[in-house]
Structures are given as C-alpha cells and as structure tokens.
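Here's the structure we're looking at; comments come further down.
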Amino acid sequence: MQNAIPPLLQLRGISLRFGGVAALANISFDVQEHEVRAIIGPNGAGKSSMLNVINGIYCPQEGEIVFNGEKRTRMSTRMAAAAGFARTFQNIALFQGMTVLENVVAGRNLKFKASLLEQAVWFGRARREEAAQREKAEEVIEFMELERYRKKVVSQLPYGLQKRVELARALAAEPRILLLDEPMAGMNAEEKREMCRFILNSNRRDGTTIILIEHDMSVVMDISDRIVVLDYGRKIADGQPKCVRDNDEVIRAYLGRSERVG
Amino acid sequence: MFYRLSGQFRTSYYEDNRLIGEKLERTVFIATMLVASIAIPLVASPYLLSAVLIPFLIFSLAALGLNILTGFAGQVSFGSAAFMAIGAFASFNLLLRVPAIPSLLAFLLGGMCASAIGVLFGLPSLRIRGFYLAASTLATQFFIVWCLSKVGWFTNYAASGVITVQHVAPLGFALDNHVSKYLFVLVVVTTLTVVASNLMRSNIGRSWMSIRDMDVAAEVIGINPLYAKLTAFAVSAFYCGIAGALYSYAYVSTVEPDGFSLDLSFKILFMIIIGGLGSILGSFIGAAFIVLLPIWLNVFFSAMEHFSGLKAPSGITSNVELIIFGGIIIVFLVVEPHGLARLWQRAKEKLQIWPLSH
Numbered sequence: 001m002q003n004a005i006p007p008l009l010q011l012r013g014i015s016l017r018f019g020g021v022a023a024l025a026n027i028s029f030d031v032q033e034h035e036v037r038a039i040i041g042p043n044g045a046g047k048s049s050m051l052n053v054i055n056g057i058y059c060p061q062e063g064e065i066v067f068n069g070e071k072r073t074r075m076s077t078r079m080a081a082a083a084g085f086a087r088t089f090q091n092i093a094l095f096q097g098m099t100v101l102e103n104v105v106a107g108r109n110l111k112f113k114a115s116l117l118e119q120a121v122w123f124g125r126a127r128r129e130e131a132a133q134r135e136k137a138e139e140v141i142e143f144m145e146l147e148r149y150r151k152k153v154v155s156q157l158p159y160g161l162q163k164r165v166e167l168a169r170a171l172a173a174e175p176r177i178l179l180l181d182e183p184m185a186g187m188n189a190e191e192k193r194e195m196c197r198f199i200l201n202s203n204r205r206d207g208t209t210i211i212l213i214e215h216d217m218s219v220v221m222d223i224s225d226r227i228v229v230l231d232y233g234r235k236i237a238d239g240q241p242k243c244v245r246d247n248d249e250v251i252r253a254y255l256g257r258s259e260r261v262g
Numbered sequence: 001m002f003y004r005l006s007g008q009f010r011t012s013y014y015e016d017n018r019l020i021g022e023k024l025e026r027t028v029f030i031a032t033m034l035v036a037s038i039a040i041p042l043v044a045s046p047y048l049l050s051a052v053l054i055p056f057l058i059f060s061l062a063a064l065g066l067n068i069l070t071g072f073a074g075q076v077s078f079g080s081a082a083f084m085a086i087g088a089f090a091s092f093n094l095l096l097r098v099p100a101i102p103s104l105l106a107f108l109l110g111g112m113c114a115s116a117i118g119v120l121f122g123l124p125s126l127r128i129r130g131f132y133l134a135a136s137t138l139a140t141q142f143f144i145v146w147c148l149s150k151v152g153w154f155t156n157y158a159a160s161g162v163i164t165v166q167h168v169a170p171l172g173f174a175l176d177n178h179v180s181k182y183l184f185v186l187v188v189v190t191t192l193t194v195v196a197s198n199l200m201r202s203n204i205g206r207s208w209m210s211i212r213d214m215d216v217a218a219e220v221i222g223i224n225p226l227y228a229k230l231t232a233f234a235v236s237a238f239y240c241g242i243a244g245a246l247y248s249y250a251y252v253s254t255v256e257p258d259g260f261s262l263d264l265s266f267k268i269l270f271m272i273i274i275g276g277l278g279s280i281l282g283s284f285i286g287a288a289f290i291v292l293l294p295i296w297l298n299v300f301f302s303a304m305e306h307f308s309g310l311k312a313p314s315g316i317t318s319n320v321e322l323i324i325f326g327g328i329i330i331v332f333l334v335v336e337p338h339g340l341a342r343l344w345q346r347a348k349e350k351l352q353i354w355p356l357s358h
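Chains P and C are the protein sequences, given in the same order.
For reference, each letter of the first sequence is one residue, going 1 to 262 in the UniProt record's numbering.
For reference, each letter of the second sequence is one residue, going 1 to 358 in the UniProt record's numbering.
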C-alpha cells in the first residue's frame, strides 16, 4: 500500500525496565512523515516513558530506533534536539523566571553561532544573530497569539497560557518531530479547541510530524491519523481511529473486562 | 508623572535589544556616570573615597560575579572569597616574578587564573546540585585559603604572611592616591558590568537561566549543561578574581590569605540575597547596603552615646551589626527572595502608571 515511503521514525522491539518493573515490553511502531500519531492508554500504560525513550531521556534496554534512515540504539537528549526533536511535558517545564520571549528564543538556542567573547562585547555576529533569531521567534509568537505577553515573566501567566508558551518554545526550534505529552491536560473546552487549532495548523502549514499523548478521546479521534494503544507496557492496538475504537482489547483496557454475548 | 513609556517606539529588533531601553533610564545612567567620574573625584573627601566608594564598587563586582553563578545560573557557591584570593595572589605573583609585565595584564591574567580554577572546582556541579554543591564549594573555599597560607611560594615566603603590594599604575592610574584608585576601580567595574549585561541578553545568559529554572527541559531543547555550568563558573570566578585583585591593589594595599576567609564569602552571598538574586542592579544595591550598614550603625551609636552620655561597651556595634544582618537575611528570604532589586522594579511599575493604580 502506502508503505512505499519509508517511515520517518521506526521503533523496533523497545523494552524498558526500571529494576524489576517492565515499563515497556517489546513495543514496535512507526511514524510517517507529516502525520499526527497519537499514543493512548490508561494511567501507567507507559505512554510518557515511550516519549522519553524517543527523545533520549530514557535509554531502553532492548530495541532500536530508526530515525530518517539512521539506526541508533541510544541517543542523548541533545543529539535528539539537534536531529529535530522537540517536546512539551506533562507538567509544564518552562523556564519560570524568564519572559515568554526569552523562553521562545531559548527554544532556538541551537541556531546561535556567536562565541562567548562576541556575546560579551555585543559585537558583530552576536548582535546580528540576536536580532535575526528574534525575528524568527516573533513569527512563532504571532502564530501562537502570544504577542500581548511576550515581555511577561512566565511564572505570572495562568496555566492555559503557560501550556501555549511551552508549545511555542518547542515550535520555535522548527522541529521535524514534535512530541506532545498531554498538551490539553487540565484545559477547558475552549482552550482545548484553541490548542487543537495550533497543533493542526503547525502540522498542516509546516508539515511538522506530531506524536501526541492525550486522554481526551474525542480530541484524539478527531485530530490523529493513526493511534497506538498501550496497556501495562504492551502494545494492544495500532491503527486508524475507527479501527482502534472498535477493537475489543482496547475496550477491555479502558472499560474493564466485558462479557460479550456472541 | 514624567516617568512615562508612552511615545517611545521601537522600530527594529536592534532597538528593542538595547542595553538600556527606556529614555529616562538612559538619561539617569549617563548622569550617574558623569557625577561618578567627574564630580565625585573633585569634591569627595579621602574618607568617602577610600572607606565607602572604593569598597562599594569592589564588593559590587564580587557580588556581580557570585550573582552570575548563583542568581543567573542557579549554582550555589560559598567560594567567592577563594576566587578573589586567587585573583589577588595570581596578580601579586605575576607582578613579582614576570619582569616588566603591564599591571593591567597582570590583573587580567589573575582573573583568568581564578577562572581556570573556577572551572576545575565547578566540575562537581555536573553531578551534584543544591545543598551538596554548596558543601563542595565550601571545601573549595577552605582548601584554597589553606593552600595559599601553607605554600610559602605564593606569599613569597613573607614571615607574617601579610605582604604589602607593589606600586602599580594600570591604564596610567597610579594606584597610590585615592582619586586615581577610585577612578581605576570605576573604569573596571563599569566595563565588566556592561559585559555582564551583554551576556545576559545573549544566548549564553538564556542558557544559564534555563539551567537554573529547569535543567531537564534545557537539555531537551539542546542546551549543553556541561558548557553552560562551566562557563558560568568560569565567568563568575573571573569577576571574583578581578574583584580580588582590586581589593588588594586599590583598597587594602596588602595581600594576605586570611583576608579572603569564609566570612567574606558569606558577606558577598548576603549582598546578593539582600540586593536580589538574578539581578545585575541587585548586586550593586546589596553591596551598597552591606558597605553602608556598619557605617550608619557607627554613626547611630556615637550619636546615641553623645546624647545619652552613656558609653556603649566596645565591640557592641559589630555585634549589633551581625544581629541586624541575620535578621534582615531572614526577612528577605521569607518576604522577598528577589531582594531590593525586585522592590525597585515594583516601585517602577507603580510609578509608570501613577496616579492610576492599574
């Protein structure tokens, strides 16, 4: 079928253990370029661990990751960032003492080339770079509709806005793959709608590939192209939203054991 | 009323990135610099220069150094006096042993020695943080002072361990009278303050602050914690080293290891806590506070003695000073961890909209 195009990211046989506890057991799935891929599952299923494996925070005991045709068994978080991974966290991980603008520009830190000395005297490359990167950062700020808050210190902003700033910081890096860990947790319906709009806009406009963990099923079913379902560290389903929705094992994992009369 | 931001438009990112963005603040800064560099040397008494302004500027520099490490990069340190000692002793030995070395170069190299040792003693910060890191910098402090007093070569085998410094004239300021001492210190401190402000509005400053605020997230966006932490140690120790050289050559005119004890480290730490962690202005406010407090207390006590006719027991002022310091530190940590600089920031925000309240 469409498997003629090799997937952008492939995970093969990933196993991750903490002591004797298996967080992930032999999980394989792939992510096509430009798609929105969701990972769902009940609490403790290993969804966040999966994201942490993908961008190098955890190193799996078994399995390999193939990104863009290159095979790696372990990759540091910084290598992941340089390769084009960006992410947001379940509990907001912003730089609380910095302004919105500083957070977003910090998201672009890998684009800065000036030496320490040039930065110290604010001369030449350092000065030019600062203005050029600022311009790029402003594009993201405009895209995320954060103009009013750009000079505000993050810790003074409400929760929903902080979530948005975190997405802005991730987008500022112009990532190839964006990992979103519950981007809509704790939001009201309106905020969720806005967040969906930002995520989909980024996917459609810039072609960003998105891997997303989310608990709100209606959101997941609406915006994702394909869904992986995890339960107790095992993969129990993988496929398009409608297939996943009708899958018996998924229903069992979410609703408990059901006796079907058949 | 006249403190208004309206009508000031910034039409390019270069303009928005300026060191001092607001018109009024720029004017105030230029006026302060004019007064400090022209009026003060003309009218100030030798006492004001040597006992107030020179130590204020030198301590401001040391506090700025510690603030870069602790306030901006979030690495707690009790070793600032040790780095001052390295700066002072390295400059002393360079001037003593390298013939015809320009004194400004000796000071710079002294700062760089402190910087190199700062990186070395900063290595533990890659594995430990917070309280434990603080304990390791405490070890740095004791080890360096011990080393400087036990190894005779550093003090040039002086019998008492106290050495009078050489007469030098960096940049043409002969450091043998108060006015030129003051002017030289002013030039150095101003330059390094501008440099620090530049670093804070650049990528490296943001890297430091992101490591301070959330190190996992910093790594995920591609910041190298090794580079960020070690540069913070290097730059901070450089500032402290230069402050140490100035302390010896432009303030006390001697070098002795015991002058750079843990007490001094704590004094500098108090400055940034009171002045404001993570604020350049705060370093200066804190230094001013700690330099001026004993002087005010002395004046206050002698006035009290004069009016009451009673004689305060000797040494009571220094003890009261300690009690007041302790009290103020506790108050600041509880009420305003961001120090006097934050109070000033708030006052500024209020003034800009005065007489309205929102």
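Glycine included, each C-beta is placed from N, C-alpha and C at the ideal position.
Item, Value
"Segment contact, 8 Å Cβ cut-off, at least three pairs: the region 6-22 of chain C with the region 147-162 of chain C", "no"
"Beta-carbon proximity of C:Leu340 to C:Phe56, cut-off 9 Å", "no"
"Collapsed DSSP secondary structure at P:Gln10 in the structure displayed", "strand"
"Alpha helix (DSSP H) runs contained entirely in the region 30-110 of chain P, provided each spans 4 or more residues", "47-54, 77-83 and 100-107"
"Run of the beta strand (DSSP E) containing P:Ala237, from where it starts to where it stops", "Arg234 to Gly239"
"Where C:Thr11 meets chain P, residues with beta-carbon distance less than 7 Å", "Chain P residues near C:Thr11: none, gap ~12 Å exceeds 7 Å."
"Any alpha helix (DSSP H) of 4 or more consecutive residues that is wholly inside the region 201-232 of chain C", "203-213 and 215-220"
"Identity of the residue in C:Arg206, C:Leu230 and C:Ala243 nearest P:Leu94 by Cα", "C:Arg206"
"Where C:Ser37 sits in the DSSP three-state scheme", "helix"
"Nonlocal neighbours in the same chain, by C-beta distance under 8 Å from P:Gly262, ignoring five residues either side", "Because P:Gly262 sits at a pLDDT of 42, beneath the cut-off of 50, its placement in the model cannot be relied upon, and the following sentence gives the value as read from the coordinates. Result list for P:Gly262: empty, nothing under 8 Å."
"Partners in chain C for P:Arg134, counting only beta-carbon separations shorter than 8 Å", "Tyr13, Asp16 and Asn17"
"Cβ contact check for the region 241-248 of chain C and the region 90-104 of chain P: 3 or more pairs under 8 Å", "no"
"Chain-order list of residues whose beta-carbon lies under 7 Å from that of P:Asn196 (same chain, five-residue window excluded)", "Here residue 196 of chain P turns out to be Cys, not Asn, going by the sequence shown. Correct list, in chain order: Val219 and Ile223."
"Amino acids of chain P, ordered along the chain, whose beta-carbon sits closer than 9 Å to that of C:Val216", "Ile57, Thr77, Phe89 and Ala93"
"CB contact flag (P:Asn68, P:Arg169, <9 Å)", "no"
"Cross-chain neighbours of P:Gln96 in chain C, by beta carbon under 8 Å", "Asp213 and Met214"
"Where P:Arg169 sits in the DSSP three-state scheme", "helix"
"Touching by the beta-carbon criterion (3+ pairs, under 8 Å), the region 16-24 of chain P and the region 38-58 of chain P", "yes"
"Within chain C, partners of P:Leu116 - CB distance below 7 Å", "Ile204 and Thr231"
"Environment of C:Pro108 [buried if 16+ CB atoms lie within 10 Å]", "Checking the sequence shown, residue 108 of chain C turns out to be Leu, not Pro. Buried: at least 16 other Cβ atoms inside 10 Å."
"Assigned exposure category for C:Phe143 - 16 Cβ within 10 Å defines buried", "exposed"
"Closer than 9 Å to chain P by CB, C:Met271", "no"
"N-terminal and C-terminal residue of the alpha helix (DSSP H) that P:Val153 is part of", "Where P:Val153 is concerned, there is no enclosing alpha helix (DSSP H), given that its DSSP letter is neither H nor E."
"Interface flag, C:Gly276 vs chain P, CB-CB below 9 Å", "no"
"C:Lys181 to P:Arg127 span [Cα, whole Å]", "33 Å"
"Nearest to C:Val220 (by Cα), restricted to the options P:Arg17, P:Ala81, P:Ala114 and P:Phe89", "P:Ala81"
"DSSP three-state assignment for C:Asn198, whether helix, strand or coil", "helix"
"Chain C within 9 Å of P:Asn188, Cβ atoms only", "no"
"Proximity of C:Val235 and C:Ile58 at Cβ, strictly below 9 Å", "no"
"Runs of alpha helix (DSSP H) wholly within the region 244-305 of chain C (minimum 4 residues, chain order)", "262-275"
"C:Phe83, buried or exposed, once every other Cβ within 10 Å from all chains shown has been counted against 16", "buried"
"Option nearest C:Val162 by Cα separation, candidates C:Ile128, C:Ile285, C:Gly222 and C:Phe92", "C:Phe92"
"C:Ala68, enclosing alpha helix (DSSP H) - first and last residue", "Checking the sequence, you will find Ile at residue 68 of chain C rather than Ala. That residue, C:Ile68, is in no alpha helix (DSSP H); it is neither H nor E in DSSP."
"Collapsed DSSP secondary structure at C:Trp344 in the structure displayed", "helix"
"Residue burial classification, C:Ser103 (beta-carbon count within 10 angstroms, cutoff 16)", "buried"
"Top-ranked residue by Cα proximity to P:Thr73, from P:Glu138, P:Ala83, P:Ala185 and P:Ile54", "P:Ile54"
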